[in-house]
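Each remark here refers to the structure printed beneath this line.
Protein chains: 2
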Amino acid sequence: MGDDVYSVPGIRLGVAAAGIKYPGRNDLLVIALPEGGSCAGLFTRNAFCAAPVHVAKQHMGAEAPRYLLINSGNANAGTGDQGLLDAQRSCAALAEVTGCKAAQVLPFSTGVIGENLPVDCIEQALPKAIESLDEASWEAAAVAIMTTDTRPKVVSRQFDLAGESITVTGIAKGSGMIRPDMATMLAYLATDLAVDVSLLQQCLRDAVQPSFNSITVDGDTSTNDACMLLASGKAGVELVSDADSEAYRKLSQTVTDVCMSLAREIVRDGEGATKLVEVLVESATSEHEARSVAYTIAHSPLVKTALFASDPNWGRILAAVGRAGLEDLAIDQVEIWLDDVCIVRNGGRAADYTEAAGQQVMDRAEFTIGVKLGRGQAAARILTCDLSYDYVKINAEYRT
Amino acid sequence: MGDDVYSVPGIRLGVAAAGIKYPGRNDLLVIALPEGGSCAGLFTRNAFCAAPVHVAKQHMGAEAPRYLLINSGNANAGTGDQGLLDAQRSCAALAEVTGCKAAQVLPFSTGVIGENLPVDCIEQALPKAIESLDEASWEAAAVAIMTTDTRPKVVSRQFDLAGESITVTGIAKGSGMIRPDMATMLAYLATDLAVDVSLLQQCLRDAVQPSFNSITVDGDTSTNDACMLLASGKAGVELVSDADSEAYRKLSQTVTDVCMSLAREIVRDGEGATKLVEVLVESATSEHEARSVAYTIAHSPLVKTALFASDPNWGRILAAVGRAGLEDLAIDQVEIWLDDVCIVRNGGRAADYTEAAGQQVMDRAEFTIGVKLGRGQAAARILTCDLSYDYVKINAEYRT
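Protein sequences appear in the order of chains A and B.
Counting the first sequence from 1 gives a position; this note's numbering is that position plus 6.
Counting the second sequence from 1 gives a position; this note's numbering is that position plus 6.
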């Protein structure tokens, strides 16, 4: 990314190597929130949601969170009652080291599904993670939560409020099993503004819809998805509790901006991805319809392999639009574009389309597939990537 | 297949090399139906259905068909008005050679989308195809309609009726862009029984639902899917016009059997496929629900790459069930099986599951993923295959 990463006053991060799956690298992250801070969260809608998701939701309802405890390498999902006990035991261990209540700790896990969490490893590594808590550790934190990601994802922005510089910094991990249906696999954002918790939740929800909820790598929604937004309240300005205030508007814009950038990074780092493609569907009768057409294109293995081959095989895009299940689609109203090149018009290849023009767009590392349905005012935008040999390689070899 | 292929008295097939895309191989097929024969058909539901699909439907409504004209190498889809003219011109050319009406010819095309059909090539090759018309050419016909298929697909069965042997023989092509939503890419079946056309249509509809409409390779529904059932009436028995007759019941069973076998062949020959996997979802509240869970599993790239790797990574199956969108799914009621090995029970790994037992099933070339939802009486069965390097290779290189 190359951009500056700003610390968030009041938010400290500590990492350690617990040896959960990956030898010799940090796989444990603790994020500490000061007393009086607030915390919002969105979680996966997968019915088989993981044990830590259950426990985190339950703890959030009971107490004001002080610590987030995150491990990579093991998802603690599909682990039944033992999984719940393991997640609770991890929280209790952190509570004991720090002197808070177990319910003030929120647990998160990412990695292989269906294996029991090695809580002993986590307990042993916790003191080191606590010792290393520091406001400047965002990049180390982003590395510690990686699984098949090839690079850490950190985005940081600042905005001015009443003469003061306010920070929003976030990290995310995710590369495969990406079709968030509430939040990406794992993302943690923080600001130093003081924000009322219900407003913080609204801010997160608004930011997640056009960002993490509008990307797909492979259409698979993880059991462990979670996105958290923390507010430390350490900036020297008043508590934000009014949705119409300038402070809230600026915060909301900046949080959305950080989420959009992190979401983009996740797709760019999609498993085996060589291209970043935006699918923009316009003039639909509803946003739901536009999203459904966009996802049909973005999930088509035939479209995705054509993207990998840089092959302007637009017939596959047309076939995907055609099978998206739209009632009474007037195909002579449909237009399909690759960036500024119109490829389909009046139900067939556009008269002025040339293979050379299509090839030129397909050769780009980033471009937009545009679809105009010609039947309404709604639109949707989905980010996706191609399907390459490496996607198969990564996912055929991940466990073995 | 190794089984006998029986000719269908009255049904003649002729092939020729028209040089449409593949040099030096037959790519044109003519099937001739005798006067007085009947013909049923089911077509793709893709909104961008190809020009020949439009023309075939229109001709079927106007006249009793005498000839089916099929080419491989070019789908004549996404070709707008020119595509319609080209399909009509092909029919007219065959009508001129044979002396029938153009509306008695049904055109079918399969291959690349979005390129104009080279009608001149077809016109030149037609006389040779007509000359070679023969009742014994089913296997040559199956070869002529192949595109990315690695082998021809022919299934033939006989049953006894009033002391006479009645034949049902069928061919199909299809390997990718396979998630039929009415019929597979292309399939042609014929019987020598005389069958009332509305009953023939019912027979085909009943046969297609559990066969071609219950398979998926990559979730993409083609623009050109069609499945035709011909009845020559040349067997020495009476016209079948009663759905409760023994003749109809036997015919229906046999046609369904042929369709099931052809559907199985298509998935076995799925692009890059190394495994044939049945997904069986039971105790669902409705067949729709069962099919939706089965398709979510069968389309998951993570499940499909795990199948390719023979990796019993059942967490991916569990995650797919969890994201299938079922309301109020009680996960502790769900069971997941690999053949006779229970892997998930009570919301987590089954107590007696061992990795070795899971591995033993995964190493098989054919097996069943069983899911019991524990909430109703309905079931569904979907056939699918794995996602391999070769799927990506075939589809990244198909046009170039």
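Ideal Cβ positions, reconstructed from N, Cα and C, are used throughout, including at glycine.
Give the residues of chain A in contact with tyrosine 395 of chain B, contact being defined as C-beta atoms less than 9 Å apart.
Neighbours of tyrosine 395 of chain B on chain A, chain order: Tyr395, Val398, Lys399, Ala402.
Tell me whether threonine 153 of chain B is buried or exposed, calling it buried when 16 or more other Cβ atoms sit within 10 Å of its Cβ.
With 16 or more Cβ atoms within 10 Å of its Cβ, threonine 153 of chain B is classed as buried.
Starting from the Cα of alanine 384 of chain B, find the closest Cα among B:Lys378, B:Ser289, B:Ile342, B:Asp345 and give me that residue.
Alanine 384 of chain B has its Cα closest to that of B:Ser289, out of B:Lys378, B:Ser289, B:Ile342, B:Asp345.
Let me confirm a value: alanine 189 of chain B is counted as buried when at least 16 other C-beta atoms fall within 10 Å, else exposed. Which label applies?
Bear in mind that the predicted position of alanine 189 of chain B carries a pLDDT of just 34, short of 50, making it unreliable; the figure below should be weighed with that in mind. Alanine 189 of chain B is buried by the Cβ-count criterion.
Using the Cα positions of aspartate 166 of chain A and valine 243 of chain A, report the straight-line distance between them to the nearest angstrom.
Cα to Cα, the separation comes out at about 11 Å.
Who are phenylalanine 165 of chain B's beta bridge partners in DSSP?
DSSP output for phenylalanine 165 of chain B lists B:Ile172 as bridge partner(s).
Distance check for asparagine 52 of chain A and tyrosine 73 of chain A, CA to CA, integer angstroms please.
Each residue's Cα considered, the two are about 24 Å apart.
Out of curiosity, what's the CA-to-CA distance linking valine 125 of chain A and lysine 107 of chain A?
The straight-line gap from Cα to Cα measures roughly 18 Å.
Step through the CB atoms of chain B and report whether any lies within less than 9 Å of the CB of cysteine 391 of chain A.
No, cysteine 391 of chain A does not count as interfacial toward chain B.
For the beta strand (DSSP E) containing phenylalanine 49 of chain A, list its first residue and its last residue.
Per DSSP, phenylalanine 49 of chain A belongs to the beta strand (DSSP E) from 44-49.
With a threshold of 9 Å between beta carbons, is alanine 109 of chain A in contact with chain B?
It does not: the Cβ of alanine 109 of chain A has no partner Cβ on chain B nearer than 9 Å.
In whole angstroms, give me the CA-to-CA distance for alanine 68 of chain B and glycine 278 of chain B.
Each residue's Cα considered, the two are about 41 Å apart.
For chain A, check one thing: does any of its Cβ atoms lie closer than 9 Å to the Cβ of proline 307 of chain B?
It does: the Cβ of proline 307 of chain B has a partner Cβ on chain A nearer than 9 Å.
Residues of chain A with CB under 9 Å from isoleucine 119 of chain B, in chain order?
Result: Asn319, Trp320, Gly321, Arg322, Leu324, Ala325.
What residue from A:Leu393, A:Val11, A:Asp345 has the CA that sits closest to lysine 159 of chain A's CA?
The candidate whose alpha carbon is nearest that of lysine 159 of chain A is A:Val11.
Over the uninterrupted beta strand (DSSP E) stretch that includes arginine 348 of chain B, give me the two end residues.
Rather than arginine, the amino acid found at residue 348 of chain B in this sequence is cysteine. From DSSP, the beta strand (DSSP E) with cysteine 348 of chain B extends over 347-351.
Pull up the CB-CB distance for glycine 354 of chain B and threonine 85 of chain A, whole angstroms please, since I reckon it's below 8 Å.
With 8 Å as the limit, glycine 354 of chain B and threonine 85 of chain A qualify as a contact, their Cβ atoms being about 5 Å apart.
Under a Cβ-count criterion, where at least 16 other Cβ atoms within 10 Å of its own Cβ denotes burial, should serine 292 of chain B be classed as buried or exposed?
Looking at its Cβ environment, which holds fewer than 16 other Cβ atoms inside 10 Å, serine 292 of chain B is exposed.
Answer yes or no: does any C-beta atom of chain B fall closer than 9 Å to that of arginine 157 of chain A?
For arginine 157 of chain A, the answer is no, since every Cβ of chain B falls outside 9 Å of its Cβ.
Could you spell out where the beta strand (DSSP E) holding asparagine 401 of chain B opens and where it closes?
Looking at the DSSP string, asparagine 401 of chain B is not in any beta strand (DSSP E); the run it does join, the alpha helix (DSSP H), is 395-403.
Of the residues A:Asn82, A:Gly105, A:Glu141, which one's Cα is nearest the Cα of arginine 18 of chain A?
Residue A:Glu141 is the option with its Cα nearest to arginine 18 of chain A.
Beta-carbon within less than 7 Å of glutamate 121 of chain B's beta-carbon, same chain only, minus the 5 sequence neighbours each way: which residues are those?
Closer than 7 Å at the Cβ level, and outside the excluded window around glutamate 121 of chain B, lie Asn80.
According to DSSP, simplified to helix, strand and coil, what is alanine 196 of chain A?
Strand.
Rounded to the nearest angstrom, what separates proline 318 of chain A and phenylalanine 114 of chain A at their Cα positions?
About 41 Å.
CA-CA distance, alanine 363 of chain B and aspartate 392 of chain B?
When rounded, the distance between both Cα atoms is 20 Å.
Look at the alpha carbon of leucine 282 of chain B and the alpha carbon of aspartate 155 of chain B, and state the distance between them as a whole number of angstroms.
The alpha-carbon atoms of leucine 282 of chain B and aspartate 155 of chain B are separated by roughly 15 Å.
What residues are listed by DSSP as bridge partners for methionine 234 of chain B?
BP columns for methionine 234 of chain B point to B:Gly47, B:Tyr194.
Which whole-angstrom value describes the C-beta separation of arginine 329 of chain B and leucine 308 of chain B, a residue pair presumed to lie in contact below a C-beta threshold of 8 Å?
At roughly 11 Å, the Cβ-Cβ gap does not stay under 8 Å, so arginine 329 of chain B and leucine 308 of chain B are not in contact.
Do we get a CB-CB distance below 9 Å when we pair phenylalanine 54 of chain B with the residues of chain A?
Answer yes: the Cβ-Cβ gap between phenylalanine 54 of chain B and chain A drops below 9 Å somewhere.
Alpha carbon to alpha carbon, how far is glutamine 208 of chain A from valine 201 of chain A? Give it in angstroms, no decimals.
Valine 201 of chain A and glutamine 208 of chain A: Cα-Cα distance of roughly 11 Å.
From this set, B:Gly239, B:Pro29, B:Gln339, which residue's C-alpha is nearest threonine 173 of chain B's C-alpha?
If we check each option's Cα against that of threonine 173 of chain B, B:Gly239 comes out closest.
Could you pull out every unbroken beta strand (DSSP E) segment of at least 3 residues lying fully inside the segment 285-342 of chain A, listed in chain order?
Within the segment 285-342 of chain A, no complete beta strand (DSSP E) run reaches 3 residues.
For lysine 179 of chain B, does the three-state DSSP call read helix, strand or coil?
DSSP places lysine 179 of chain B in strand when its eight states are reduced to three.
Contact between the segment 132-147 of chain B and the segment 18-34 of chain B is defined here as three or more beta-carbon pairs at a separation below 8 Å; is this criterion met?
The answer is yes - the segment 18-34 of chain B touches the segment 132-147 of chain B, with three or more Cβ pairs under 8 Å.
Counting only Cβ pairs nearer than 7 Å, list the residues of chain A close to threonine 260 of chain B.
The premise fails here: threonine 260 of chain B is roughly 31 Å from chain A at the closest Cβ pair, so nothing lies under 7 Å.
Which residues, taken in chain order from the segment 372-384 of chain B, show a beta carbon closer than 8 Å to some beta carbon of chain A?
Here the close residues number zero.
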